[in-house]
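Numbering (this note's numbering), first residue to last: 263 to 420. Just so you know, even glycine gets a beta-carbon here, dropped at the ideal spot from N, CA and C. Structure record follows, encoded as structure tokens.
Here it is, written out as structure tokens:
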């Protein structure tokens, strides 16, 4: 029985390695991703490859690798800093909130622990939970909830 020379096995190994991967995307799918501005990851999150980049951007899907980084204004860098008022539906002040540039929070003059959560800053004082949205373009999403009294309301910048 003849054995194959080592050179044959080396050539076979190189040929196997040089084979295209079975999981590579097709040219048509790559074109759809390019046209839509989606990535494989963002498509799994709802980005629609049948739409244009502009339509997907309007829906909130932006390919950060392809888009130039926006210049952040000083206010955007510190969206929470300042004085805030938690208001009831009747307009009465429920709490006064102060947040410094390092995101230290005081509710009615008392320090409370705060953490970033789901695009906002969340903190609690007693039975009242507060949440301030980080994206200042979104209006009406800053609010509070009192789990003890079952009430809620808006938080407004002072």
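Note to self: Tell me the rounded alpha-carbon separation between residue 406 and residue 399.
What the structure shows: 19 Å
Margin query: Output needed for residue 285: all residues of its chain with C-beta closer than 8 Å, excluding positions within five of it in sequence on either side, in chain order.
Written below: Confidence at residue 285 is low in this model, with a pLDDT of 49, below 50, so the placement of that residue should be treated as unreliable; the coordinate-derived value is given next. Counting only Cβ-Cβ distances below 8 Å, and skipping sequence neighbours, we find nothing.
Next item on the list: Take residue 409 and list the residues in its own chain whose beta-carbon comes closer than 6 Å to its own, dropping the five residues that flank it on each side.
Entry: 389
Item checked: Neighbour-count burial assignment, residue 383, 16 or more Cβ in a 10 Å radius -> buried
Next item on the list: Please classify residue 353: is it buried, with 16 or more other beta-carbons within 10 angstroms of its beta-carbon, or exposed?
Entry: exposed
Checklist line | Inter-residue spacing [alpha-carbon to alpha-carbon] between residue 377 and residue 385 | finding: 7 Å
Check: What residue range is occupied by the uninterrupted alpha helix (DSSP H) comprising residue 304?
Finding: 302 to 306
Note to self: Is the beta carbon of residue 417 closer than 8 Å to that of residue 347?
What the structure shows: yes
Checklist line | Identity of the residues DSSP links to residue 295 by a beta bridge | finding: Its beta-bridge partners do not exist; DSSP assigns none.
Note to self: So if DSSP puts residue 374 in a beta bridge, which residue, or which two residues, is it bridged to?
What the structure shows: 367
Checklist line | Pairwise C-alpha distance: residue 397 and residue 362 | finding: 17 Å
Next item on the list: Using the Cα positions of residue 271 and residue 295, report the straight-line distance between them to the nearest angstrom.
Entry: 39 Å
Check: DSSP on residue 321, reduced to helix/strand/coil?
Finding: coil
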